[in-house]
Amino acid sequence: MTTEIFYKIKYKSPLGNITICCDECGKNIVGLWFEKQKYFASNIEGNLTENNKLQIFTKTINWLEKYFTGKKTKAEEIPIKLIGTKFQKSVWKILYKIHYGKVITYGDIAKQIEKQKRITKMSAQAVGGAVGRNPISIIIPCHRVIGKNHKLTGYAAGLDKKKKLLQIEKINI
């Protein structure tokens, strides 16, 4: 966790209000949360100051507009900065690589962590905890993570939003 000044802006999405947050220099997104989302801004330690004049926010809102109209987007188009534990960041980096229209299971992520860390067992539940605390929803696509047997499981903003995000990407679960 870091203590500094962060800037925020509100965006009215088709699925509800979203708060977008960037770092002090205004160059990287550090948070994107639906209103009343579980763990809202939990990775931010510092002041959140409203600022609707930053180019990073315009770029992110344009990306979201494109996304919500069903156009294929790439996470790499938006500069981000991860704020979290080492383990959380390792999980979020895997999420970041899930392509538009694709899904992965918590178990698949656990297997990738096992390989990276050269360990024999990684708990899918531990992975789920890190996925749930993803601070940059949609851009880091935690909604693309599903349970084994292709079951829809938790989403910090609610399963209803997860279903709608998957529908936007034409993913049938």
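Taking our numbering, the leading residue of the sequence shown gets 10, the next gets one more, and so forth. Think of the CB as a built atom: it goes at the ideal place given N, C-alpha and C, for glycine as much as any other residue.
- Rounded to the nearest whole angstrom, the CA to CA distance from S99 to G40 is 17 Å.
- Per the Cβ contact rule, the region 157-170 is not in contact with the region 60-78 (fewer than 3 Cβ pairs under 8 Å).
- With fewer than 16 other Cβ atoms from the protein chains shown falling within 10 Å of its own Cβ, Y48 counts as exposed.
- Assigned with DSSP and collapsed to three states, S22 falls in strand.
- Residue burial is scored here from C-beta neighbours: Q97 has at least 16 other C-beta atoms within 10 angstroms and is therefore classed as buried.
- With at least 16 other beta carbons inside 10 angstroms of its own, E178 counts as buried.
- CA-to-CA, the gap between Y20 and V154 works out to about 24 Å.
- Per DSSP, the unbroken beta strand (DSSP E) holding V39 starts and ends at 38-43.
- In the DSSP assignment, E33 falls outside any beta strand (DSSP E) and carries neither an H nor an E.
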